[in-house]
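**Q**
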Amino acid sequence: MCGIIGYVGEKKAVPILIDGLKKLEYRGYDSAGIAILENGDLIFEKSAGKIAALEELLTGRDFSCTTGIAHTRWATHGEPTDANAHPHLDCKGELAVVHNGIIENYRSLKEVLERKGHKFTTDTDTEIVAHLIEEYYQGDLVEAVRTAMSQVEGTYGIAVLSLRNPSEIGNRRRPPRQPSGHRLRAG
Ligand code: GLU
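Positions in the sequence shown are counted from 1; adding 15 to them yields the working numbering.
1) Taking T87 and I118 to be in contact with their CB atoms under 8 Å, please state how far apart those CB atoms are, rounded to whole angstroms.
2) By DSSP, does R88 sit in helix, in strand, or in coil?
3) What separation, rounded to the nearest whole angstrom, lies between the Cα atoms of N54 and L39?
4) According to DSSP, what are the bridge partners of L9?
5) Give me whichever residues DSSP pairs with K61 in a beta bridge.
6) Give me the residue from G169, F135, N99 and H146 with the minimum Cα distance to G116.
7) Compute every distance between the C-beta of R88 and the non-hydrogen atoms of ligand 1, then say whether any falls below 7 Å.
8) Near L73, what residues of its chain come up, given a Cβ to Cβ distance below 7 Å and the 5 sequence neighbours on each side ignored?
9) What do you get for P191, buried or exposed, if any count of 16 or more other CB atoms within 10 angstroms of its CB means buried?
10) Cα separation between G202 and Y171?
Written out as structure tokens, the structure reads:
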């Protein structure tokens, strides 16, 4: 089961995010990634394998940012590769999404988004979320996330980071459907 952590605050975000991922390690995962807002840029790193591999990509870089999201993935759609690791970005590279769960109707949403010109670079179900939010974004991140996720069928926890809304993280959660109760037979 994967893990998600987000941070918005006054402290340096990267150590908090990496520490948070390590606390979630016991859940099991196959890759890890991080997205941060640093000096007006959205920066992301991701890697198949252990969190240590992600840390290596960040070594020697001093990030002062105080906002970010991070993820450990347990692949359901697409191999556990660097490219399929989260975060996933929109076409402009302004928005990053991490996701826990499965988007059941991702194929049909992907077809519609491709017809509208969106370019996909991974095999995951998750990537459609970044493009869907991009499609609905009109200045209000939370509203765009809400509208996008109303199109999505499945189970999810997501966290969204946007260059255009640097002091907030969009998030949304839909837990698995509860199994319907057994019907008692009359008689
Ligand atoms: N379905 C997504 C994927 O395969 C998320 C898996 C997860 O919950 O880690 O990337």
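We treat Cβ as the ideally placed atom computed from N, Cα and C, and that holds for glycine.
Only a predicted model underlies this, so the values are computations on that prediction, with no experimental measurement involved.
**A** For this structure:
1) With a Cβ gap of about 18 Å, T87 and I118 do not count as contacting.
2) Look at R88 here: in three-state DSSP terms it is strand.
3) For N54 and L39, the distance between alpha carbons rounds to 28 Å.
4) No information on residue 9 is available, as it lies outside the stretch 16 to 202 that the chain covers here.
5) Beta-bridge pairing links K61 to G48.
6) Residue G169 is the option with its Cα nearest to G116.
7) At least one heavy atom of ligand 1 is nearer than 7 Å to the Cβ of R88, so yes.
8) In its chain, beyond the 5 residues on either side, V29 and E60 have a beta carbon closer than 7 Å to the beta carbon of L73.
9) Exposed is the call here.
10) The pLDDT assigned to G202 is 40, lower than 50, so where the model puts this residue is not dependable; a value taken from the coordinates is nonetheless given after this. Answer to the nearest angstrom: the Cα atoms are 41 Å apart.
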